[in-house]
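Single-structure report; data block below.
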Amino acid sequence: MNHERIVIERGRRSGFPIIVAVHSTSRGQAIGGCRMKGYAGWRDGLADALRLSTAMTAKSALAGLPHGGGKTVVALPAGRILDAGERRDALLDTGDVIAGLNGAYATGPDVGTGPADMDVIAERTPHVFCRTDKSGDPSEGTAAGVVAALRAVCAHRFGSADLAGRSFAVLGLGHVGAHLVRMLAELHAKLLVSDINPALRTVAEAHGATWTSPDECLTAEVDVLVPAALGGLLTPATVPVLRCAAIAGPANNQLDGPSTAGLLRDRGILFAPDIVVSAGGIIHAIEIELHGATPAQATRRIDSIEDTLGKVLNGHLAVSLQ
Ligand code: PHE
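Reading the sequence shown from the start, the letters are residues 1 to 322 in the working numbering.
Put into structure tokens, the structure is as follows:
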């Protein structure tokens with residue numbers, strides 16, 4: 001067992017499994033978002049929480065934050081859409097479980113939750129970041145961190161950090177993906193974009209991006225593939241069909257397992273570890289809420305991801321992939 005503490009409770013109000021995995025507090029309070037989505041069973045939610053919380057420990061440390069890693073998963077039955085009352089109950093239950101950890105762990109938004117949900121969790125515990133009246137939505141900070149990371153990737157792979165004219169295939173147009181596509185369009189990058197939700201096509205096209213299917217996007221011949229949806233997309237089945245020169249994006253746990261990194265290396269595809277690339281959101285929240293930073297100061301800290309990733313890609317900083 002590598003985790004300090006794992007709490008699994010059936011929500012008193014909602015009846016849903018609430019899972020909080022505290023991986024490590026050795027550097028400080030564990031932080032990590034609250035994921036609320038469908039799973040085949042609660043054990044699948046537990047597996048996700050264990051892997052994601054482990055990644056958060058490394059993410060916080062690599063971002064230079066005095067924090068450890070944790071994660072919350074509210075494991076909904078697959079395909080279940082919550083009404084407002086059920087959602088509120090699930091969030092209050094989540095707040096109660098986090099309150100029981102007495103500050104060892106603080107949560108934030110993740111897949112399936114946002115700042116308004118953090119306000120509800122805050123009715124039960126103060127250990128929550130990104131409330132609407134605090135630092136709010138971290139996704140723009142996450143996207144800014146991805147841009148910084150892409151500069152490091154392009155400098156390493158193509159000899160220039162300039163993103164103008166470079167081609168990117170952005171897989172996923174959610175909270176982070178939408179900000180990212182806007183920022184990359186402003187930098188005059190060439191963009192291919194996909195999402196499982198076809199209604200987002202107009203959003204992509206408004207930024208001058210070319211809309212494709214997720215399959216085409218994954219295998220597109222581009223400079224950099226940018227995974228911005230759920231993890232696990234890099235597998236022994238998908239790596240052989242990739243046609244990108246590099247991969248760097250904000251999705252958590254992109255590799256299905258550490259050995260897949262070796263397959264990417266064999267194909268000459270540069271892989272930027274997502275624990276470095278995706279840290280902009282936590283940096284934004286922590287700098288503003290705990291260190292009293294201004295948004296401009298937070299942005300400067302987020303931009304340091306370029307430097308950190310440069311050190312990783314040049315072999316001066318070791319990152320263990322999981
Ligand atoms: N979802 C964020 C991440 O994976 C988690 C987070 C954001 C936690 C902001 C706290 C504050 O990095």
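Every residue, glycine too, gets a C-beta built ideally from N, C-alpha and C. This structure is a prediction, so every number in the text was calculated from the model and none was measured.
Spatially closest choice to residue i from the options, by CA coordinates
i: Gly108; options: Glu221, Gly15, Ala144, Ile282; result: Ile282
i: Asp241; options: Ile247, Ala220, Asn252, Asn253; result: In the sequence as presented, Asp is not what sits at residue 241; that position holds Val. Out of Ile247, Ala220, Asn252, Asn253, Ala220 has the C-alpha closest to the C-alpha of Val241.
i: Leu321; options: Gly280, Phe158, Asn252, Gly268; result: Asn252
i: Ile8; options: Asp119, Ile31, Asp44; result: Asp44
i: Pro198; options: Gly172, His188, Asp223; result: Gly172
i: Leu46; options: Phe16, Gly28, Ala30; result: Phe16
i: Ser160; options: Asp117, Asp223, Leu82; result: Asp223
i: Asp111; options: Pro214, Met36, Gly32, Gly268; result: It should be noted that the sequence gives Val, not Asp, for residue 111. Answer by Cα proximity: Met36.
i: Asp133; options: Met118, Thr299, Gly141, Gln29; result: Met118
i: Gly79; options: Asp89, Asp96, Pro115, Gly38; result: Gly38
i: Ile269; options: Leu234, Asp256, Gln297, Ile288; result: Leu234
i: Gly315; options: Arg267, His156, Leu263, Leu200; result: His156
i: Gly100; options: Val239, Ile6, Ala237; result: Ile6
i: Ala189; options: Thr202, Pro77, Val203, His207; result: His207
i: Ala245; options: Arg267, Pro258, Ser259, Leu200; result: Arg267
i: Thr113; options: Asn102, Arg87, Asp96, Gly103; result: Arg87
i: Gly324; options: Asn102, Gly292, Gly28; result: Only positions 1 to 322 of the chain appear in this structure, which leaves residue 324 out of reach.
Sequence-distant residues of its chain with Cβ nearer than 8 Å to residue i (five each side left out)
i: Val170; result: Gly177, Leu180, Val181, Leu184, Leu191, Leu192, Val193, Ser194, Ala209, Cys217, Val226, Ala228, Gly249
i: Ile98; result: Val20, Thr72, Tyr105, Ala106, Thr107, Ile121, Arg124, Thr125, His127, Val128
i: Ala149; result: Ala248, Ala272, Val276, Val277, Ile305, Glu306, Leu309
i: Gly41; result: Ala75
i: Ser53; result: His3, Ala21, Val22, His23, Ala30, Gly32, Gly69, Gly70, Lys71
i: Arg51; result: Asn253, Gln322
Contacting residues, own chain, Cβ-Cβ under 6 Å from residue i (five flanking each side not counted)
i: Ala49; result: Ile19, Ala21, Lys71, Val73
i: Gly231; result: Ala251, Asn252, Asn253, Gln254
i: Ala144; result: Gly280, Ile302
i: Phe158; result: none
Neighbourhood of residue i by C-beta distance below 7 Å, restricted to the same chain and skipping five residues each side
i: Ile275; result: Ala55, Ala58, Lys59, Leu62, Val319
i: Ala285; result: Gly108, Phe129, Cys130, Ser135, Pro138
i: Pro214; result: Leu171, Ser194, Ile196
i: Ile243; result: What sits at residue 243 in the sequence shown is Arg, not Ile. Answer for Arg243: Thr219, Ala220, Glu221, listed in chain order.
i: Thr94; result: Ile18, Cys34, Thr72, Val74, Ile121
i: Ala261; result: Leu255, Phe271, Leu321
Buried versus exposed call for residue i [16 or more other C-beta atoms within 10 Å across all chains shown]
i: Asn2; result: exposed
i: Glu186; result: exposed
i: Thr294; result: exposed
i: Ser26; result: exposed
i: Pro66; result: exposed
i: His175; result: buried
i: Gly11; result: buried
i: Gly141; result: buried
i: Pro115; result: buried
i: Thr299; result: buried
i: Arg166; result: buried
i: Asp84; result: Residue identity check: residue 84 is Ala in the sequence provided, not Asp. It is exposed - the Cβ of Ala84 has fewer than 16 other Cβ atoms within 10 Å.
Cutoff 8 Å: residue i Cβ touching any chain D Cβ
i: Val97; result: Protein chain content of the structure displayed is limited to a single chain, and chain D is not contained in it.
Requested in this report: Would you list, in sequence order, the uninterrupted alpha helix (DSSP H) runs of no fewer than 4 residues that lie entirely inside the region 143-227?
Outcome: Secondary structure remark: continuous alpha helix (DSSP H) runs of at least 4 residues inside the region 143-227, in chain order: 175-186, 201-206, 214-218.
Report task. Quick one: which unbroken alpha helix (DSSP H) runs of 4-plus residues sit fully inside the region 41-76? Chain order, please. Result -> 42-62
Query raised in the report: At which residue ranges does the region 235-282 contain complete alpha helix (DSSP H) runs of 4 or more residues, listed in the order of the chain?
Result: With a minimum length of 4 residues, the continuous alpha helix (DSSP H) runs that stay inside the region 235-282 are 259-266, 274-277.
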